[in-house]
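See structure below.
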Amino acid sequence: MVVDKVDTLSSTIHQLTDNVTTVADRSLIEKENSLRIREQQLEKQRAEEKYRVREEWNRLNAEKLVFKEDQRFILENIEKQKTLLEKSKTAFFQEQHDLLVRVCTERQLLEQEKSEFRGKRSADVKRLKEGAGELQRRAQNVLAAEKQVDEMRRHYEMKMRQLQELEMSLMEECVEMENIRNQLSTQKFRISDKDSINYDTALNNVDNDTLFHQDSQSAPPSSKMPFEQFDLHVLIRHSWRKGLTILELVDENNEMNLMTQQQNPL
Numbered sequence: 001m002v003v004d005k006v007d008t009l010s011s012t013i014h015q016l017t018d019n020v021t022t023v024a025d026r027s028l029i030e031k032e033n034s035l036r037i038r039e040q041q042l043e044k045q046r047a048e049e050k051y052r053v054r055e056e057w058n059r060l061n062a063e064k065l066v067f068k069e070d071q072r073f074i075l076e077n078i079e080k081q082k083t084l085l086e087k088s089k090t091a092f093f094q095e096q097h098d099l100l101v102r103v104c105t106e107r108q109l110l111e112q113e114k115s116e117f118r119g120k121r122s123a124d125v126k127r128l129k130e131g132a133g134e135l136q137r138r139a140q141n142v143l144a145a146e147k148q149v150d151e152m153r154r155h156y157e158m159k160m161r162q163l164q165e166l167e168m169s170l171m172e173e174c175v176e177m178e179n180i181r182n183q184l185s186t187q188k189f190r191i192s193d194k195d196s197i198n199y200d201t202a203l204n205n206v207d208n209d210t211l212f213h214q215d216s217q218s219a220p221p222s223s224k225m226p227f228e229q230f231d232l233h234v235l236i237r238h239s240w241r242k243g244l245t246i247l248e249l250v251d252e253n254n255e256m257n258l259m260t261q262q263q264n265p266l
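Take a look at the structure:
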């Protein structure tokens with residue numbers, strides 16, 4: 001019984017061993033197949049990688065050639081730009097030198113012009129000061145002349161008022177004398193020839209030299225001396241001789257005085 005069990009177990013173990021061997025062989029074959037497939041895949045990948053590397057190498061060589069060509073072109077351009085820069089630098093330095101020379105020359109001319117301008121300005125200031133002093137003196141003279149003219153105007157206005165008052169009084173006296181003459185004519189009273197001759201002689205003797213000088217010049221008394229320096233009878237006689245009133249005689253005198261002042265200004 002035990003032997004049978006042992007045999008059974010032994011046969012079972014042999015079967016299991018065979019099964020294990022079969023499974024192991026099968027597994028080994030499968031692994032070999034997978035390894036072979038893997039190796040083929042790796043070989044294919046290596047070939048593809050090698051081809052890709054070769055293509056990349058060719059591309060890099062082409063880029064290297066292009067880079068070298070670009071580098072050579074860039075170097076040539078750099079050399080050209082360097083040459084142009086040197087030329088422009090030389091021209092710039094020459095221009096700066098010319099500019100400095102011109103600036104120095106202009107500065108010297110400017111200093112010379114400034115010196116001349118200062119001299120002219122000093123002369124102009126001196127001349128303007130002298131002109132201002134002369135203008136101030138003339139202004140003072142003009143003010144003095146205006147003051148004198150105002151005084152003369154007030155003086156002549158006063159004399160004009162006096163003459164107007166005198167003319168009014170003379171007019172009243174003339175009217176009164178005319179009335180008296182009319183009365184005497186009405187009463188048929190006459191003045192003797194002797195008295196008339198004496199009256200004319202008395203009037204002619206009043207400043208005869210002055211009247212003769214005035215008649216010879218055909219000018220009013222004021223053209224030689226002021227009215228206040230003449231006798232009233234002289235003024236009346238001169239106004240009668242010219243056929244003017246005393247006011248007209250005064251206007252003529254003022255016009256001649258104005259003409260004299262315009263001909264002989266201050």
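Sequential numbering from 1 applies to the sequence shown in full-length UniProt numbering. A virtual CB, placed ideally from N, CA and C, is assigned to each residue, including glycine.
The C-alpha of Glu69 is placed about 31 angstroms away from the C-alpha of Thr90. Along the length of the stretch 39-82, whole alpha helix (DSSP H) runs at least 4 residues long do not occur. Asn77 and Ser88 have their C-alpha atoms spaced approximately 16 angstroms apart. A direct Cα-Cα distance of roughly 58 angstroms separates Lys80 from Arg121. If you draw a straight line from the Cα of Gln148 to the Cα of Ala132, it is about 24 angstroms long.
Setting aside the 5 residues that flank it on each side, Glu55 has no residue in the same chain whose C-beta is closer than 6 angstroms to its C-beta.
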